[in-house]
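Notes follow the structure.
Numbering (the UniProt record's numbering), first residue to last: 1 to 753.
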């Protein structure tokens, strides 16, 4: 072996030893923690968005103290108030009038006084009623004014009040007392004495104004799982209209297709062998229908989304900014998420974007199911938006925000971490092109969106509310339904109303309808409504006159009045409908934003129904009206318990006023028909159960505004795409070598129940 060969082998050996040493030294070393980089664009809001901010707990306390000391009546804490007491039902922010707010935001005017809206139930009066007061100025109130007549045109009758937690507790005591009158029946049917059964309310509560009689459905209850899939076949009708709880009574009983006057009559029928009893064994924990307990041990973790250099959005108080977007956010305890002053690149696009109502309407051959029309705003869409589970409900590293509310109590409560904000990589190009002719290049942009999310649990259903902001200047609003289906006891021709999903369980068909208010201000407050759609015209071929061609052309129309812009649920609607500014873009077209709806809603109710007017917003997939301060919402929490004489009837908003160059509001309904099936057990999945709408720029800009995104990618065929300076994607390997700092997992969502 010559010297040269020895030297080569020696060098190779040294290189191998060096590589092994490097591996040994780095093995097990924890990657460095990702370091947050300061954002180039800081939040310049200067606290202006606080004009829309939800009340702080301290402000709520001050309002309660003021009311207790200045109304001249005794107020009982609503958490234990009887119907015959006076109590504070809720306290929320009173958002100032739009004109006042715009003078402050845009005109350099004074900040509007901060005020609260307090709802009181006056049961201890000769004329029991519901009264609403505006209280201010905050933080130290000095005045209050009754706005009930101004808002609703008269007093609000007491029977329209939502049912409080205390009222449900008193009803439960009554039901438990009555169930004890049928001990042998319960032993035979349910392996129970009746006292361990879960009780589910229905609504509305009767057949005419003034009624307050509710069907309650009974289920087997099992700790750690949803009872909604285990009906025992028994339902009871409770009359609870009287202000004195001692006068409430159980009026009727339903069991397995038969009606009885009382539990005593049911027991007598059973003892006399005149009742067909279906024996339902008490479910065991390991085999209960609808259990969500994992059936397999955890596997390897899935993909994790994180920001190598920290969030690219900023959250301060109730204000978030992201790549040109600016949004003020909040939560109404009744109607849920609400956004204000949505701007893109400094220009206001939307003044208000807010959820108004969520309707769930059921069918069944049992009384509880067939009569149910839940208007979830009366239960509390925002109030029941509980803490989000980090890493599942939202990305682990999202920003989580607490929400505070005061409902049925004199003490504020906090749903901590109940709203999340995050940037989402949709794993889809926002736009892209690969050029394989003329010149070779690739250009594209990732679809990254800012998401504001809350999730409401309304008895059995969980609704995921998303508001998404795209780099193209588009706003996307989306809701997904999940949670448990509601069910009825399967008897008779039950499958005419759904599918069998368990031994005695009928998954009952139902409709979901959601209603939104969208106060668009496109390049100013004064807008018009323009539509565009396609048509064909048969014409002679210009270059071959003996032939004809079906030429596609664009039909343009301007809608002049509200009646023209009220599109019934199943009626054809123009494919393009836009809020248009009188000002043109560079190419001479009106600067506009298009409304694009993605929904497959079923009919909300026949218009012949005596309660249809209370949900008349459901008649329309889209209705555009002139904005009025006296028409702030499309419905009312008082509509649930008196749908026959609605406190707010949306149909009255549409009175054929002109909508040309006016301040306009789009009222949008989205929904779907749900026929439960076997795969809805244990839970309804979000796949295919998402609906919503887009607000998309339409000639608002002179080109797609995302061309200015710092995330754009472009490289030519002759360039080395693996060089960081040429292609930002090539920078990811060294950038993403850090490990995200994940806070310890914590969940306190059960604390306020």
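C-beta: ideal position from N, C-alpha, C; glycine also. Here the structure is a predicted model, which means the values were calculated and not measured.
Short of 6 Å in beta carbon distance, which residues of its chain neighbour residue i, apart from the five on each side in sequence? Order them along the chain.
i	result
residue 28	With a pLDDT of 44 at residue 28, under the threshold of 50, the modelled position of that residue is not reliable, and the figure given next carries that caveat. Answer for residue 28: no residue qualifies.
residue 161	121, 130
residue 378	162, 637, 640
residue 465	337, 454, 479
residue 724	730, 731
residue 435	441
residue 178	250, 263
residue 663	525, 627
residue 705	473
residue 332	338, 382
Is DSSP giving residue i helix, strand or coil here?
i	result
residue 562	helix
residue 628	coil
residue 420	strand
residue 267	helix
residue 368	helix
residue 734	helix
residue 220	coil
residue 697	strand
residue 157	strand
residue 147	coil
residue 640	coil
residue 410	coil
residue 292	coil
residue 617	helix
residue 612	helix
residue 24	Residue confidence for residue 24 is low, a pLDDT of 41 falling below 50, so the modelled location carries little weight and cannot support an answer.
residue 573	coil
residue 65	helix
residue 246	helix
residue 603	coil
residue 285	coil
residue 48	helix
residue 536	strand
If we count the other Cβ atoms within 10 Å of its Cβ and call it buried at 16 or more, is residue i buried or exposed?
i	result
residue 753	exposed
residue 513	buried
residue 629	exposed
residue 604	buried
residue 26	Any answer about residue 26 is weak, because its pLDDT of 41 lies below 50 and its placement is not dependable; what the coordinates show is given next. Classification for residue 26: exposed.
residue 207	exposed
residue 657	exposed
residue 73	exposed
residue 60	buried
residue 470	buried
residue 366	buried
residue 510	buried
residue 570	exposed
residue 351	buried
residue 543	exposed
residue 23	Low local confidence applies: a pLDDT of 40 at residue 23 is under 50, so the model's placement there is unreliable, with the coordinate-based value given in what follows. The residue is exposed, with fewer than 16 neighbouring Cβ atoms inside 10 Å.
residue 426	exposed
With a CB to CB cut of under 8 Å and the five nearest residues on each side skipped, what residues in its chain are close to residue i?
i	result
residue 575	532, 533, 534
residue 702	585, 586, 587
residue 593	349, 520, 522, 578, 579, 695, 696, 697, 698, 700
For residue i and residue j, which I take to be in contact (beta-carbon distance under 8 Å), what is that distance rounded to the nearest angstrom?
i	j	result
residue 717	residue 730	Between residue 730 and residue 717 the Cβ distance is about 16 Å, and since that is not below 8 Å, they are no contact.
residue 247	residue 159	That belief does not hold up - the Cβ atoms of residue 247 and residue 159 are roughly 15 Å apart, past 8 Å.
residue 373	residue 141	Wrong, their Cβ atoms sit about 37 Å apart, outside the cutoff.
residue 484	residue 228	4 Å
residue 666	residue 615	About 18 Å separates the two Cβ atoms, so there is no contact after all.
residue 613	residue 649	5 Å
residue 381	residue 456	5 Å
residue 363	residue 461	Contact doesn't hold; Cβ gap of about 16 Å is too wide.
Kindly say whether residue i, judged by its beta-carbon, lies nearer than 8 Å to any beta-carbon of chain D.
i	result
residue 519	The structure shown contains no chain D, having only a single protein chain.
Leaving out the 5 sequence neighbours to the left and right, which residues in its chain are closer than 7 Å to residue i when beta-carbon positions are compared?
i	result
residue 751	none
residue 63	91, 116, 118, 135, 141
residue 112	51, 96, 100, 101, 104
residue 114	136, 137, 138
Only counting runs of 4 or more residues, tell me where the alpha helix (DSSP H) segments fall wholly within the region 423-447, in order along the chain. The region 423-447 contains no whole alpha helix (DSSP H) run of 4 or more residues.
At what residue ranges does the UniProt domain "Copper amine oxidase N2-terminal" (74-143) contain a whole run of the alpha helix (DSSP H), taking only runs of 4 or more? Fully enclosed alpha helix (DSSP H) runs of 4 or longer: 98-105.
Any chance you could list the beta strand (DSSP E) runs of at least 3 consecutive residues sitting entirely within the region 463-510, in chain order? Counting only runs of 3+ residues, the beta strand (DSSP E) found wholly inside the region 463-510 occupies 475-483, 487-489, 498-502, 505-508, in chain order.
Inside the region 161-239 only - alpha helix (DSSP H) runs reaching at least 4 residues: Runs of the alpha helix (DSSP H) spanning 4 or more residues and lying entirely within the region 161-239 occur at 165-179, 183-190, in chain order.
Which ranges would you report for the alpha helix (DSSP H) in the region 318-390 if only whole runs of at least 4 residues count? Whole alpha helix (DSSP H) segments, 4+ residues: 367-370.
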